[in-house]
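Those letters in the sequence shown? Residues 2 to 550, by our numbering.
Read the structure below first, then the notes.
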Amino acid sequence: MTSSNDVGHLDLFPHLGCCEQCSNKHPCASVSCILTYIPSATRTSGKMDKPLISRRLMDSDGSLAETPSGTPKVGILGSGDFARSLATRLVGSGFSVVVGSRNPKRIAGLFPSSVHVTFQEQAVSSPEIIFVAVFREHYSSLCALSDQLAGKILVDVSNPTENEHLPHRESNDEFLASLFPACTVVEAFNVISAWTRQAGPRDGNQQVPICSDQPEAKLSVSEMVHAMGFKPVDMGPLASTREVEAMPLRLLPGWKVPTLLALGLFVCFYGYNFIRDVLHPYVQENKNKFYKLPVSVVNTTLPCVAYMLLSLVYLPGVLAAALQLQRGTKYRRFPDWLDHWLQHRKQIGLLSFFCAVLHALYSFCLPLRRSHRYDLVNLAIKQMPPPACAPAPACPSLSTPGFANKGYLWDEEEVWRMEIYLSLGVLALGTLSLLAVTSLPSIANSLNWREFSFVQSTLGFVALVLSTLHTLTYGWTRAFEESRYKFYLPPTFTLTLLVPCVVILAKGLFLLPCFSRRLAKIRRGWEKDGAVRFTVSTEHVLPEKTSHV
2 MTSSNDVGHL DLFPHLGCCE QCSNKHPCAS VSCILTYIPS ATRTSGKMDK PLISRRLMDS
62 DGSLAETPSG TPKVGILGSG DFARSLATRL VGSGFSVVVG SRNPKRIAGL FPSSVHVTFQ
122 EQAVSSPEII FVAVFREHYS SLCALSDQLA GKILVDVSNP TENEHLPHRE SNDEFLASLF
182 PACTVVEAFN VISAWTRQAG PRDGNQQVPI CSDQPEAKLS VSEMVHAMGF KPVDMGPLAS
242 TREVEAMPLR LLPGWKVPTL LALGLFVCFY GYNFIRDVLH PYVQENKNKF YKLPVSVVNT
302 TLPCVAYMLL SLVYLPGVLA AALQLQRGTK YRRFPDWLDH WLQHRKQIGL LSFFCAVLHA
362 LYSFCLPLRR SHRYDLVNLA IKQMPPPACA PAPACPSLST PGFANKGYLW DEEEVWRMEI
422 YLSLGVLALG TLSLLAVTSL PSIANSLNWR EFSFVQSTLG FVALVLSTLH TLTYGWTRAF
482 EESRYKFYLP PTFTLTLLVP CVVILAKGLF LLPCFSRRLA KIRRGWEKDG AVRFTVSTEH
542 VLPEKTSHV
């Protein structure tokens, strides 16, 4: 199905020649007639399933064949990686490409055979749209072409480095516009990698931010972006390029706060488990348990972090619902901290899944430790009865209460506890896997809202309940045993249960009719102190659905 945004997306490219539709005897750039000069065999749909290069354009040795005459001509100044990938994509989209270089003979073999590589002066003579694929420090070398570039559209695809971005008050595009005042400068493709430009949007981001002060030039470049299979995003005037150029310099900006939160929780729980499992035996019993630090203590910490992060995914939804009930309207903004928290739920959920997977892998490694083998051997020795001829056991461990002269060990309660504990853990991890997979854009886009909401809200809450049962089964009766309180510190799992239990109880509270009906009315536009008042039929009460993606 073709969306409304795809209609007519190949209809605006400046070209040279007579316009047959509008009877103009001059180069025409009108929307209705530009693509008359693109043969139907070379037009592209702009869809993601479009191949990079049409088989019709492939010759026997795998290089691009000659582009049919009459196709729109595009110029490129530069011969680097970006210029080569851009030329390949343009040829595959049905354009005639001419590349300008200072040494055309040396770099001609690096481009497809259908690309005309020549000197810069000749490359800029005929195309109306010219891509500037050179670095900022080389802009001045193009000043000799000012007369030939006058009136043309310059598309800048360069990006500054972090050291270059900070000292300059103006962006690369603003600097280029100051050097060529007679040209129209447009910024595009600067956030797209060279590989994505060549391979198409199937293997990278589809969005291409576009900035320019001239709407006509911006529209022309937007149509070209559509033809190449990408989605143009209007970012405003040329002054906005300062913000756009900073995008590639940021390293996962949406993950900073969730990552710091996960690291903070890990450090806190790791230190807490170190005090209980390593420091307490060393101080109280003079036992060296420091070998537990790399694996055992980490494995005890990871599920605590995963469980807490999962509960923090659904806690802001509970707080938002409580605020709406207290205010009696949905038209008041949430506090900034809650708004930011809601926006980071996807990253927090994925980090929770990551910690849960690590916990599962560490758990599989526990029996491989040498210390675990020694514990098994020592347990076997304790089960051996003392020799009949010996008046007393040679080793004190042989007289340990509960193990001496005991040939068969079986604790029915402990067996059932471990079976249920492992089963609940596997179910919780499997449900978290579904949440993580549906968070991927390619999967999320294939689901309708009801399916997406069911997975992220309903199954997410099921995962939280399963994780809570998994934790309770692990703890069992340990919370009531005095020996488990080391240095008067409670077991770690009791601390992790606080926030999840609050979330589960609040969710259950909101399911009561007195709250669910009022919340449903508020989310449908009802206001406590407003003029709009209506009731929702009890047969069509909407259940609360909160997505963390």
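All residues carry an ideal CB built from backbone N, CA and C; glycine is no exception.
* Asked: For the stretch 500-532, which segments carrying the alpha helix (DSSP H) assignment without a break, of at least 4 residues, lie completely within its bounds, in sequence order?
  -> Restricting attention to alpha helix (DSSP H) runs no shorter than 4 residues, the stretch 500-532 encloses them at 514-524, ordered along the chain.
* Asked: Under the rule that 16 or more other beta-carbon atoms within 10 Å means buried, what is Asn-446, buried or exposed?
  -> As a working note, residue 446 is residue 445 in the sequence shown. Exposed, because fewer than 16 other Cβ atoms sit within 10 Å of the Cβ of Asn-446.
* Asked: How should Gln-344 be labelled, buried or exposed, when 16 other C-beta atoms within 10 angstroms of its C-beta is the threshold for buried?
  -> Mapped onto the sequence shown, residue 344 falls at position 343. With fewer than 16 other Cβ atoms within 10 Å, it is exposed.
* Coarse secondary structure for Asp-278, derived from DSSP in three states -> The sequence position of residue 278 within the sequence shown is 277, counting from 1. Looking at Asp-278 - three-state DSSP - the assignment turns out to be helix.
* Report the option in Ser-86, His-117, Arg-90, Leu-91 whose CA atom is closest to the CA atom of Gly-101. => Residue mapping note: residue 101 aligns to position 100 of the sequence shown, counting from 1. Per the Cα distances, His-117.
* Going by CA-CA distance only, name the one from Pro-304, Val-427, Leu-441 that's closest to Gln-348. => For the purposes of this step, residue 348 is identified with residue 347 of the sequence shown, where counting begins at 1. It is Leu-441 whose Cα lies nearest to the Cα of Gln-348.
* Length of the line joining the Cα atoms of Phe-83 and Val-192 -> Here residue 83 corresponds to residue number 82 of the sequence shown, with the count starting at 1. Here residue 192 corresponds to residue number 191 of the sequence shown, with the count starting at 1. Distance between the alpha carbons of Phe-83 and Val-192: 12 Å.
* To do: With Ile-349 as the anchor, note down where its alpha helix (DSSP H) starts and where it stops.
  => In the sequence shown, the residue the question calls residue 349 occupies position 348. Boundaries of the alpha helix (DSSP H) around Ile-349: 346-366.
* Exposed or buried, what is Ile-77 when buried is set at 16 or more other beta-carbons lying within 10 Å of its beta-carbon? -> Within the sequence shown, residue 77 is the residue found at index 76, counting from 1. Buried, because 16 or more other Cβ atoms sit within 10 Å of the Cβ of Ile-77.
* Simplified DSSP assignment, three categories, for Gly-110 -> Stepping through the sequence shown from its first residue, residue 110 is reached at position 109. The answer is helix: DSSP assigns Gly-110 an H, G or I state.
* So, are the CB atoms of Lys-293 and Tyr-283 less than 8 Å apart? -> Sequence index remark: in the sequence shown, residue 293 carries index 292 (1-based). Sequence index remark: in the sequence shown, residue 283 carries index 282 (1-based). Against a cut-off of 8 Å, the Cβ pair of Tyr-283 and Lys-293 comes out as no contact.
* To do: Could you tell me the distance, in whole angstroms, from the CA atom of Leu-252 to the CA atom of Trp-477?
  => The sequence position of residue 252 within the sequence shown is 251, counting from 1. The sequence position of residue 477 within the sequence shown is 476, counting from 1. Spanning the alpha carbons of Leu-252 and Trp-477 requires a straight line of approximately 43 Å.
* Asked: How far does the alpha helix (DSSP H) with Thr-185 in it reach, from first residue to last?
  -> The residue labelled residue 185 in the question sits at position 184 within the sequence shown. Per DSSP, Thr-185 is not a residue of any alpha helix (DSSP H); the beta strand (DSSP E) it occupies stretches across 185-188.
* How would you label Phe-365, buried or exposed, when you count the other beta carbons within 10 angstroms and need 16 or more for buried? -> Taking the sequence shown and counting its residues from 1, one reaches residue 365 at position 364. Classification of Phe-365: exposed, given that the 10 Å Cβ count is below 16.
* To do: For Val-125, write down the residues that DSSP places opposite it in a beta bridge.
  => Start at 1 with the first residue of the sequence shown, and residue 125 comes out as number 124. According to DSSP, which records beta bridges pairwise, Val-125 is partnered with nothing at all.
* To do: Can you tell me which of the three DSSP states Ile-154 falls into?
  => Against the sequence shown, residue 154 aligns to sequence position 153. It is a strand residue.
* Given 8 Å as the limit, is there contact between the stretch 425-440 and the stretch 461-476, that is, 3 or more CB pairs closer than that? -> Touching, yes, given that three or more Cβ pairs across the two stretches are closer than 8 Å.
* Can you tell me which of Cys-305, Lys-508, His-360, Leu-146 puts its alpha carbon nearest to the alpha carbon of Val-296? => As a working note, residue 296 is residue 295 in the sequence shown. Val-296 has its Cα closest to that of His-360, out of Cys-305, Lys-508, His-360, Leu-146.
* Asked: Do the stretch 83-96 and the stretch 104-115 touch if we need at least three Cβ pairs shorter than 8 Å?
  -> Because the criterion of three Cβ pairs below 8 Å is met, the stretch 83-96 and the stretch 104-115 touch.
* Close-in-space but distant-in-sequence residues of the same chain around Phe-181 (CB under 7 Å, 5 per side omitted) -> Walking along the sequence shown from the start, residue 181 turns up at place 180. These residues qualify, in order along the chain: Ser-147, Leu-150, Leu-155.
* Enumerate in chain order the residues of its own chain whose CB-to-CB distance from Cys-184 is below 8 Å, with the five nearest sequence positions on each side excluded. => Here residue 184 refers to the residue found at position 183 of the sequence shown. Sequence-distant Cβ neighbours of Cys-184 in its own chain, meaning closer than 8 Å and more than five residues away, are Leu-150, Ala-151, Gly-152, Lys-153, Ile-154, Leu-155, Ala-178.
* Asked: Apart from the five residues on each side of it in sequence, which residues of its chain come closer than 6 Å, Cβ to Cβ, to Lys-1?
  -> The shown model of the chain, from 2 to 550, leaves out residue 1, and the question about it has no answer.
* Asked: For Lys-331, does the three-state DSSP call read helix, strand or coil?
  -> Against the sequence shown, residue 331 aligns to sequence position 330. In the structure shown, Lys-331 falls within a coil segment according to DSSP collapsed to helix, strand and coil.
* Asked: According to DSSP, is Asp-602 helix, strand or coil?
  -> As displayed, the chain neither begins before 2 nor continues past 550, which places residue 602 out of reach and without an answer.
* Pick helix, strand or coil for Thr-72, following the three-state DSSP scheme. => Reading the sequence shown from its first residue, position 71 is the one you call residue 72. DSSP places Thr-72 in coil when its eight states are reduced to three.
* Backbone secondary structure at Gly-79 - three-state DSSP -> Taking the first residue of the sequence shown as position 1, residue 79 is located at position 78. In the structure shown, Gly-79 sits in coil (DSSP, three-state: anything other than H, G, I, E or B).
* Asked: With respect to the alpha helix (DSSP H) encompassing Gln-208, which residues constitute its N-terminal and C-terminal limits?
  -> Start at 1 with the first residue of the sequence shown, and residue 208 comes out as number 207. Per DSSP, Gln-208 is not a residue of any alpha helix (DSSP H); the beta strand (DSSP E) it occupies stretches across 208-213.
* **Separation of Gly-350 from Ile-54, as counted between CA atoms** => The residue labelled residue 54 in the question sits at position 53 within the sequence shown. The residue labelled residue 350 in the question sits at position 349 within the sequence shown. With a pLDDT of only 37 at Ile-54, under the threshold of 50, the placement of this residue in the model should not be trusted, and no figure is reported.
* Starting from Pro-233, follow the beta strand (DSSP E) in both directions and report where the run begins and ends. => The residue labelled residue 233 in the question sits at position 232 within the sequence shown. Element bounds for Pro-233: 232-235.
* Own chain partners of Gly-237 with C-beta closer than 7 Å, once the 5 adjacent residues on each side are dropped -> Against the sequence shown, residue 237 aligns to sequence position 236. For Gly-237, where only same-chain residues beyond five positions count, the Cβ hits under 7 Å are Cys-212.
* Asked: Looking at the structure shown, is Leu-253 part of a helix, part of a strand, or coil, going by DSSP?
  -> Reading the sequence shown from its first residue, position 252 is the one you call residue 253. Leu-253 falls in the coil class under three-state DSSP.
* To do: Flag this pair as touching only if the stretch 488-508 and the stretch 467-474 have three or more C-beta atom pairs under 8 Å; answer yes or no.
  => Enough Cβ pairs lie closer than 8 Å, so yes.
* Using DSSP with H/G/I as helix, E/B as strand and the rest coil, what is Val-99? -> For the purposes of this step, residue 99 is identified with residue 98 of the sequence shown, where counting begins at 1. Reduced to three states, the DSSP call for Val-99 is strand.
* Asked: When DSSP builds the beta bridges, which residues end up paired with Thr-119?
  -> Indexing the sequence shown from 1 puts residue 119 at position 118. Its beta-bridge partners are Gly-101.
* Starting from the Cα of Glu-244, find the closest Cα among His-281, Glu-175, Thr-302 and give me that residue. => Within the sequence shown, residue 244 is the residue found at index 243, counting from 1. Measuring C-alpha to C-alpha distances from Glu-244 to each of His-281, Glu-175, Thr-302 identifies Glu-175 as the nearest.
* I think Val-234 touches Pro-210, with their Cβ atoms under 8 Å apart; what is that distance to the nearest whole Å? -> Walking along the sequence shown from the start, residue 234 turns up at place 233. Walking along the sequence shown from the start, residue 210 turns up at place 209. Rounded, the Cβ-Cβ distance is 5 Å, consistent with contact.
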